[in-house]
Amino acid sequence: VIVRLLQKKTNHDFSVGRIIDTLNRISCSNIQDNLYLFDYRSQISDAIGDATGTDFKKKYRRLGEIKKSLGAVKK
Numbered sequence: 002v003i004v005r006l007l008q009k010k011t012n013h014d015f016s017v018g019r020i021i022d023t024l025n026r027i028s029c030s031n032i033q034d035n036l037y038l039f040d041y042r043s044q045i046s047d048a049i050g051d052a053t054g055t056d057f058k059k060k061y062r063r064l065g066e067i068k069k070s071l072g073a074v075k076k
């Protein structure tokens with residue numbers, strides 16, 4: 002259901018399989034104290050981010066930014 006909602010929010014531009022593959026690839030790594038690297042980005046992840054209000058376009062983020070972003074998504 003969640004993937005179908007994402008598909009609808011991205012205007013059906015992407016197949017369910019491509020959305021699932023993208024979601025599986027999105028990850029981050031702690032590269033320094035309080036600094037994280039988001040090491041995957043694609044057209045689909047950008048569209049999902051735009052649809053959900055999550056910015057996947059920034060490659061580096063601090064922990065506070067991540068927590069703030071997660072808090073905003075939960076609302």
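Per our numbering, the sequence shown runs over residues 2 to 76. Cβ atoms here follow ideal geometry from the backbone N, Cα and C, with glycine treated the same way.
Whole-Å CB distance - residue i paired with residue j, under 8 Å assumed
i          : j          : result
residue 56 : residue 50 : 6 Å
residue 17 : residue 5  : 7 Å
residue 30 : residue 38 : 5 Å
Neighbourhood of residue i by C-beta distance below 8 Å, restricted to the same chain and skipping five residues each side
i          : result
residue 19 : 45
Range of the contiguous alpha helix (DSSP H) that encloses residue i
i          : result
residue 16 : Segment: none, residue 16 is in no alpha helix (DSSP H) and carries neither H nor E.
residue 5  : 3-10
residue 30 : That residue, residue 30, is in no alpha helix (DSSP H); its beta strand (DSSP E) goes 29-33.
residue 50 : 44-53
6 Å CB neighbourhood of residue i in its chain, flanking five on each side removed
i          : result
residue 15 : 45
Delimiting residues of the beta strand (DSSP E) encompassing residue i
i          : result
residue 61 : 61-63
residue 57 : Per DSSP, residue 57 belongs to no beta strand (DSSP E) and is neither H nor E.
residue 37 : 36-39
Neighbourhood of residue i by C-beta, 7 Å cutoff - its chain only, sequence neighbours within 5 removed
i          : result
residue 11 : 48, 49, 52
residue 13 : none
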